[in-house]
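Trainee:
Numbering (my numbering), first residue to last: 3 to 355.
#1: Using the C-alpha atoms, what's the distance from residue 177 back to residue 143?
#2: Would you check if the distance between the CB atom of residue 52 and the CB atom of residue 111 is smaller than 7 Å?
#3: When you compare each of 302, 197, 258 to residue 20 by their alpha carbons, which one comes out closest?
#4: What is the DSSP secondary structure of residue 80, reduced to helix, strand or coil?
#5: In this structure, how does DSSP classify residue 19 when only helix, strand and coil are distinguished?
#6: Mind the definition here: the segment 52-66 touches the segment 78-86 only if three or more C-beta pairs lie below 8 Å; say whether that holds.
#7: So, at 7 Å on beta carbons, what are the nonlocal neighbours of residue 96 in its own chain, with the 5 sequence-adjacent residues on each side left out?
#8: Assign residue 13 to one of two classes, buried (16 or more other C-beta atoms within 10 Å of its C-beta) or exposed (fewer than that).
#9: Between the segment 282-289 and the segment 29-44, do at least 3 Cβ pairs fall closer than 8 Å?
#10: Restricting to Cα atoms, I'd like to know which of 296, 216, 106 is closest to residue 200.
#11: Starting from the C-beta of residue 340, find all residues in its chain whose C-beta is less than 6 Å away, skip the five residues before and the five after it, and write them out in chain order.
#12: Taking three-plus beta-carbon pairs below 8 Å as touching, is the segment 219-233 in contact with the segment 266-274?
#13: Where DSSP assigns a beta bridge to residue 52, which residues make up the other side?
#14: Sort 223, 50, 73, 333 by Cα distance to residue 93 and report the nearest one.
#15: If we ignore side chains and look at the alpha-carbon of each, how far apart do residue 72 and residue 167 end up?
#16: Helix, strand or coil: how does DSSP classify residue 217 here?
#17: For a quick check, are the C-beta atoms of residue 47 and residue 108 less than 7 Å apart?
#18: What distance in whole Å lies between the Cβ atoms of residue 239 and residue 255, which are believed to be in contact at a cut-off of 8 Å?
#19: Output the boundary residues of the alpha helix (DSSP H) element that contains residue 171.
#20: Figure out for me which residue from 158, 320, 138 has the closest Cα to the Cα of residue 171.
#21: Between 349, 75, 70, 310, which has its C-alpha nearest residue 321's C-alpha?
#22: Verify whether the separation of the beta carbon atoms of residue 333 and residue 309 is less than 7 Å.
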């Protein structure tokens with residue numbers, strides 16, 4: 003998967019996205035500060051959400067348009083009011099994208115309807131993100147796909163049949179580079195509900211896609227495990243430090259936590275290394291001396307027979323390999339040897355070849 007000059011693949015460092023969502027709290031300077039915090043944390047990209055309340059729901063008071071789940075962060079809110087509070091004004095997008103570019107990171111967005119795609123196309127975004135709740139919104143999928151740009155899809159709530167359908171719609175409409183993100187659509191998500199074994203399962207089912215994690219958990223545990231399972235893309239919500247009442251603040255990382263998140267992912271990826279046996283580095287190679295080898299344990303005269311009383315397998319490893327111990331027993335010494343001498347082939351009759 004190619005995003006501008008950035009290759010996304012298993013043999014490349016993971017692509018990390020900071021999602022600012024509605025955590026700007028309706029304040030443009032907060033939004034700019036979040037872009038700066040994302041860049042400072044070392045992410046590859048910052049992501050917005052592009053919608054207005056009237057492009058995502060209806061201005062209705064009926065029970066269908068209320069959040070009645072008592073466990074929800076937004077219990078008691080009207081959908082329209084919540085989305086109106088959380089949306090990123092469209093007139094901010096250009097300045098936020100320009101700030102990200104100035105700071106050396108990519109900027110893109112999740113459009114929530116076709117008009118949002120039109121806006122983002124006018125701003126020349128390098129890729130698109132499809133939110134979990136929009137992954138079954140077929141007209142939007144087609145609108146995004148025809149741009150020909152890379153598409154990242156969160157798969158929260160999605161059955162394998164849903165994912166297959168989403169993938170098919172995108173492919174049929176022209177999408178070439180697709181990334182699927184394992185996602186648990188609860189806020190915050192419990193680490194135990196991450197079900198990260200979906201990552202290799204998705205990789206097997208969709209071998210031409212990149213697979214990653216949209217992470218709504220608290221902390222870094224899920225990210226570390228996802229790196230080990232082959233995730234190549236990560237997304238995490240970002241909020242400003244200090245007291246924060248932003249709409250997604252309860253499951254978002256502070257700037258310092260985002261730095262740690264990026265660091266953990268990169269260190270985890272470094273730890274994967276390559277399939278290589280033997281010393282991994284010059285530093286490890288030096289440890290070979292602490293293996294056992296055959297040493298003279300008591301003084302030996304030339305012509306004496308080697309026995310378990312005058313040779314032993316001990317540390318360090320500068321002597322003859324221990325696999326020759328049985329072969330050496332019963333042979334004679336070609337020269338006089340003092341205690342502490344590392345045994346060598348030439349010192350043993352019949353082993354000097």
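Built from N, CA and C at the ideal position, the CB exists for glycine as well.
Mentor: Concretely, from the data shown:
#1: Numbered from 1 along the chain shown, position 141 holds the residue referred to as residue 143. Numbered from 1 along the chain shown, position 175 holds the residue referred to as residue 177. C-alpha separation (whole angstroms): 9 Å.
#2: Numbered from 1 along the chain shown, position 50 holds the residue referred to as residue 52. Numbered from 1 along the chain shown, position 109 holds the residue referred to as residue 111. Result yes, Cβ atoms of residue 52 and residue 111 sit closer than 7 Å.
#3: Within the chain shown, residue 20 is the residue found at index 18, counting from 1. Of 302, 197, 258, the residue nearest in Cα terms is 258.
#4: Mapped onto the chain shown, residue 80 falls at position 78. The answer is strand: DSSP assigns residue 80 an E or B state.
#5: Within the chain shown, residue 19 is the residue found at index 17, counting from 1. Residue state, collapsed to three classes: strand.
#6: yes
#7: For the purposes of this step, residue 96 is taken as residue 94 along the chain shown, with counting starting at 1. Only 125 meet the Cβ criterion.
#8: If you number the chain shown from 1, residue 13 lands on position 11. It is exposed - the Cβ of residue 13 has fewer than 16 other Cβ atoms within 10 Å.
#9: With a cut-off of 8 Å, the segment 29-44 and the segment 282-289 do not count as touching, because too few Cβ pairs lie within range.
#10: As a working note, residue 200 is residue 198 in the chain shown. It is 216 whose Cα lies nearest to the Cα of residue 200.
#11: As a first step, residue 340 is located in the chain shown; it is residue number 338 there, counting from the start. The residues are 301.
#12: Flag = yes, the segment 219-233 and the segment 266-274 touch.
#13: Counted from its first residue, the chain shown places residue 52 at position 50. Partner(s): 113.
#14: By 1-based counting over the chain shown, the position of residue 93 is 91. Minimum Cα distance to residue 93 is reached at 50.
#15: Your numbering for residue 72 matches position 70 in the chain shown. Your numbering for residue 167 matches position 165 in the chain shown. Each residue's Cα considered, the two are about 32 Å apart.
#16: The residue you call residue 217 lines up with position 215 of the chain shown. Residue state, collapsed to three classes: strand.
#17: Along the chain shown, one-based indexing puts residue 47 at 45. Along the chain shown, one-based indexing puts residue 108 at 106. Result yes, Cβ atoms of residue 47 and residue 108 sit closer than 7 Å.
#18: Here residue 255 corresponds to residue number 253 of the chain shown, with the count starting at 1. Here residue 239 corresponds to residue number 237 of the chain shown, with the count starting at 1. Correct: roughly 7 Å between the Cβ atoms.
#19: For this step, residue 171 is matched to residue 169 along the chain shown. Its alpha helix (DSSP H) spans residues 162-174.
#20: Within the chain shown, residue 171 is the residue found at index 169, counting from 1. Checked all of 158, 320, 138; the closest Cα to residue 171 is 138.
#21: For the purposes of this step, residue 321 is identified with residue 319 of the chain shown, where counting begins at 1. Taking only the C-alpha atoms, the option nearest residue 321 is 349.
#22: Walking along the chain shown from the start, residue 333 turns up at place 331. Walking along the chain shown from the start, residue 309 turns up at place 307. No, the pair does not count as a contact, with Cβ atoms beyond the cut-off.
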